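Asker: My questions all concern the structure below.
In structure tokens, the structure reads:
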């Protein structure tokens, strides 16, 4: 199941473990040098300030004799990171009855549309019927992009003109989802920086429109996060959450050399679970996120 | 941009300032730790940050503290110089050939290549160039369509090909350029991972087949630690000539800029600061270093102001102010002018010391709103009311308030403000003294406190005028002379026009 992730993270793993292996072997002292090397490994994964906390925990555990040697730091870290990423509702929320509405948002270029294509494939493989809503009416040819995916994946799509009101598209899509009795409605939105007040208000409006006909919609609000993003990811998670109550993350582009450690900071500061990860450009390059294998893939060869 | 680095460093340095005395081992250490932490939290690569701090340390420990400066200032100077070195010392423009120039855009998925192609095309066409866009992204669905739409918006030709391979598309596109009357070709390539060997080879093939003058790496400013890996690989395989940093209009600390510059050694040429097609700006490393340290970006501000403010209109306004014929219509023009320069917040960010003063963003945002309100009030007045504000008695005020959706108190406030401005300039008209210039009268004085506004010697002002910087410094006496001269010039031109018209009529 995690073969793809494994493959995608190969480079990452090589790097981290080569770093870590050198770090933990040879019975090194847990001294300043070691801590600095550890710092480098942690910071390089985009963990940001969370690295400080983790190091403090390592040092504390060492003082308490929970860790006796530098070799044990490795095991300690694995456990610590997995714990940080566990808990909360990591599975996809479904509607009790009728269509499950999933709103997808994120900053420009994070991979929303591609992720929607992947999610579509994922749901179809589970035998669920999917309807797409082309809610990015702003960017040139964004509607066309999603339409091409809809054709390739053979699912219906609701769309408006470029430049039209995305909330209206969302409303039409919910009506269509109800009329067609689909299982899943995936709503695409235009990329926007979380600092753009007007665009965030627009997103809030889209979210509100979704619950006009289905009271508890959207059942899932996914924030697509580029794994190469640094500490700004925390800001993104914070502000998108404040506006549209994000319920889960899709961590995209994990097939590069970026480690996606920002999700650990996010978990630490905003506490949003990762639900899916993107590990390639093809529609089936999507994995359901599981903390333990994710951390294993990150730390082990 | 870089707001948070500035803030962190500000706090370190303000502590130094308070301490005074000499640089001790200890206070350097504390400062350096904070600098390192700030850089790391700003997404500067770990190794880059480490190297940066080390070189600061080396320079700081050996440095003598000058008598006239505080140890903190001394350290600021060292950090500033080092930052400037790290980011390259001066702006690097695009190398444009007299004949055909070919620019290739490369980068990871979602970094903003296609949008930036459009922005760059717009910028170059503003400089009198004729760009041709070539759609060579055959990977992402509808990427070609996206470029086509951008081309339509910009009224520029776009070369597309169905079913071709990117190297051939690029080659054919470049061949087409001259027949389309174009002198710049911008190649939009597909986003790709730097470790995707096949796709990286494809770019190498393009480079072999086409004489590419510039290869610009488009990078997302929000990128974290991995920025060094992708930038290094792209640079090694393609020998990029420069970098464009996108999405800098968000709240990212933008540490990737430092990292990328450091590992590639290539200049950052432009920054993307918004979704609209005119939101591409030249990157100024020296100014950016100032900015990181909270020293402001005065030069950028001046340039921005110059671009948008019509010199003649500014002079006219100043004349009106001095002759007491300044009306509410003129005030409205002033609001709009300041608005055109960009949001008040982005202007304020460039002003030295403003960050410490305002602390947050609440105040500038309010200002933008305030502008909007004032505009609404003036627009709710009749033309006659705008030129004769004394007409506006209570019942009219009531109507104006309703029309603008605001309270009577707001209308009163605006009228009071207006009268004050007029009065102030009336006094100035006679006496010599300080005058903020045409940048918006009192408003300029209010909103742009960091700008030099005092009286300058006539010679200096003339020099500044020559350089086009008169807008912010003006001595009333000189300004009056200038205006008289401008008035003469206008009359002269008017007469010339009349004469010409007469001639034409005569010819018929």
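Chains as they are written, first to last, in our numbering: chain A, 53 to 353; chain B, 862 to 1369. The beta carbon of each residue, even a glycine, is placed where N, CA and C say it ideally should be. Because the structure is a prediction, the values reported are computed rather than measured.
#1: Measuring straight from C-alpha to C-alpha, what distance separates residue 109/A and residue 1019/B?
#2: When you compare the stretch 997 to 1014 of chain B with the stretch 1080 to 1094 of chain B, are there three or more beta-carbon pairs, one atom per stretch, that lie closer than 8 Å?
#3: Measure the CB-CB distance between residue 95/A and residue 901/B and report whether it falls below 8 Å.
#4: Can you give me, in chain order, the residues of the stretch 263 to 288 of chain A that have a beta carbon less than 9 Å from any beta carbon in chain B?
#5: Does the CB of residue 1370/B have a neighbour CB from chain A at under 8 Å?
#6: By the DSSP assignment, the alpha helix (DSSP H) with residue 1080/B in it spans what residues?
#7: Evaluate residue 1122/B with the Cβ neighbour count: other Cβ atoms within 10 Å of its Cβ, from every protein chain shown; 16 or more gives buried, anything less gives exposed.
#8: Under the criterion of a Cβ to heavy atom distance below 7 Å, does residue 1111/B qualify as lining the ligand GTP?
#9: With a cut-off of 8 Å, does the C-beta of residue 970/B fall near any C-beta of chain A?
#10: Hey, quick one: how far does the alpha helix (DSSP H) through residue 1017/B stretch, first residue to last?
#11: Strictly below 9 Å CB to CB, what residues from chain A border residue 1007/B?
#12: Could you check whether the stretch 116 to 126 of chain A touches the stretch 299 to 312 of chain A, counting it as contact only if at least three pairs of C-beta atoms, one from each stretch, sit closer than 8 Å?
#13: Starting from the Cα of residue 210/A, find the closest Cα among 192/A, 179/A and 240/A and give me that residue.
#14: Mind listing, in chain order, the continuous alpha helix (DSSP H) runs of no fewer than 4 residues lying wholly within the stretch 103 to 157 of chain A?
#15: Classify residue 1040/B: buried if its beta carbon has 16 or more other beta carbons within 10 angstroms, exposed otherwise.
#16: Counting contacts by CB-CB distance shorter than 8 Å, is residue 1356/B in contact with chain A?
#17: Specify the secondary structure class of residue 964/B as computed by DSSP and reduced to three states.
#18: Taking C-beta pairs closer than 7 Å, name the residues in chain B that residue 245/A reaches, listed in chain order.
#19: Could you give the distance in angstroms between the alpha-carbon of residue 1220/B and the alpha-carbon of residue 270/A?
#20: What would DSSP say about residue 1239/B, mapped onto helix, strand or coil?
#21: Taking the C-alpha atoms as reference points, what is the distance between residue 1035/B and residue 332/A?
#22: Identify the continuous alpha helix (DSSP H) that holds residue 1069/B and give its terminal residues.
#23: In terms of DSSP beta bridges, what is residue 278/A paired with?
#24: Which term fits residue 260/A, buried or exposed, when burial requires 16 or more other beta carbons within 10 angstroms of its beta carbon?
#25: Could one say the Cβ of residue 1083/B lies closer than 8 Å to chain A's Cβ atoms, at least one of them?
#26: Between the alpha carbons of residue 1043/B and residue 1021/B, how many angstroms are there, rounded?
#27: The beta strand (DSSP E) with residue 1143/B in it runs from where to where?
#28: Run through DSSP, which three-state label would residue 257/A get?
#29: Which value, in whole angstroms, describes the spacing of the CA atoms of residue 263/A and residue 187/A?
#30: Taking residue 963/B as the reference, which of 1258/B, 1354/B, 1070/B and 1231/B has the closest Cα?
#31: What residues in the stretch 79 to 102 of chain A have a beta carbon less than 8 Å from any beta carbon of chain B?
#32: Helix, strand or coil for residue 983/B, going by three-state DSSP, please let me know.
#33: Per DSSP, what are the beta-bridge partners of residue 239/A in this structure?
#34: Using a Cβ-Cβ distance under 8 Å, would residue 1300/B count as near chain A?
#35: Check whether the stretch 211 to 219 of chain A and the stretch 171 to 191 of chain A are in contact - that is, three or more C-beta pairs closer than 8 Å.
#36: Compute the Euclidean distance between the alpha carbons of residue 114/A and residue 84/A, then round it to the nearest angstrom.
Answerer: With the structure as the only source:
#1: Each residue's Cα considered, the two are about 57 Å apart.
#2: No: the two stretches stay apart, fewer than three of their Cβ pairs being nearer than 8 Å.
#3: Yes, they are a contact pair.
#4: The stretch 263 to 288 of chain A vs chain B, Cβ under 9 Å: 278, 279, 280, 281, 282, 283, 284, 285, 287 and 288.
#5: Since the first residue of chain B shown is 862 and the last is 1369, residue 1370/B is not available in this structure.
#6: Run containing residue 1080/B: none in the alpha helix (DSSP H); it sits in the beta strand (DSSP E), 1075 to 1081.
#7: Buried: at least 16 other Cβ atoms inside 10 Å.
#8: Among the ligands in the structure shown, none appear at all, so the ligand GTP cannot be discussed.
#9: Yes, residue 970/B counts as interfacial toward chain A.
#10: Here residue 1017/B belongs to no alpha helix (DSSP H), and DSSP marks it neither H nor E.
#11: At a C-beta separation below 9 Å, residue 1007/B has these neighbours in chain A: 191, 192, 193, 194, 196 and 197.
#12: A contact is defined here as three or more CB-CB pairs under 8 Å, and the stretch 116 to 126 of chain A fails this definition with respect to the stretch 299 to 312 of chain A.
#13: For residue 210/A, the nearest C-alpha among the options comes from 240/A.
#14: Entirely contained in the stretch 103 to 157 of chain A, the alpha helix (DSSP H) runs reaching 4 residues are, in chain order, 122 to 137.
#15: Around the beta-carbon of residue 1040/B, fewer than 16 other beta-carbon atoms lie within 10 Å, marking it exposed.
#16: Proximity of residue 1356/B to chain A, defined by a Cβ-Cβ separation below 8 Å, is not satisfied.
#17: Strand at residue 964/B.
#18: When 7 Å is used as the limit between beta carbons, residue 245/A is near these residues of chain B: 1108, 1110 and 1111, in chain order.
#19: Bear in mind that a pLDDT of 42 at residue 1220/B, under 50, signals an unreliable position, so the number given afterwards is only what the model happens to contain. One C-alpha to the other measures close to 37 Å.
#20: Helix.
#21: About 32 Å.
#22: 1058 to 1070 is the span of the alpha helix (DSSP H), which, as asked, contains residue 1069/B.
#23: Bridge partners of residue 278/A according to DSSP: 304/A.
#24: It is exposed - the Cβ of residue 260/A has fewer than 16 other Cβ atoms within 10 Å.
#25: Chain A contact via Cβ: present.
#26: Distance between the alpha carbons of residue 1043/B and residue 1021/B: 15 Å.
#27: 1141 to 1143 is the extent of the beta strand (DSSP E) around residue 1143/B.
#28: In this structure, residue 257/A counts as helix in the three-state DSSP scheme.
#29: Distance between the alpha carbons of residue 263/A and residue 187/A: 16 Å.
#30: Looking at the Cα atoms, 1070/B is the closest of the given residues.
#31: Under the 8 Å Cβ criterion, the stretch 79 to 102 of chain A contributes 91, 92, 95, 96, 97, 98, 100 and 101.
#32: DSSP, reduced to helix, strand and coil, places residue 983/B within a helical segment of the structure shown.
#33: The beta-bridge partner set that DSSP reports for residue 239/A consists of 155/A and 185/A.
#34: With a pLDDT of 35 at residue 1300/B, under the threshold of 50, the modelled position of this residue cannot be trusted, and the question is left open.
#35: Yes, the stretch 211 to 219 of chain A touches the stretch 171 to 191 of chain A.
#36: Just so you know, the alpha carbons of residue 114/A and residue 84/A end up roughly 13 Å apart.
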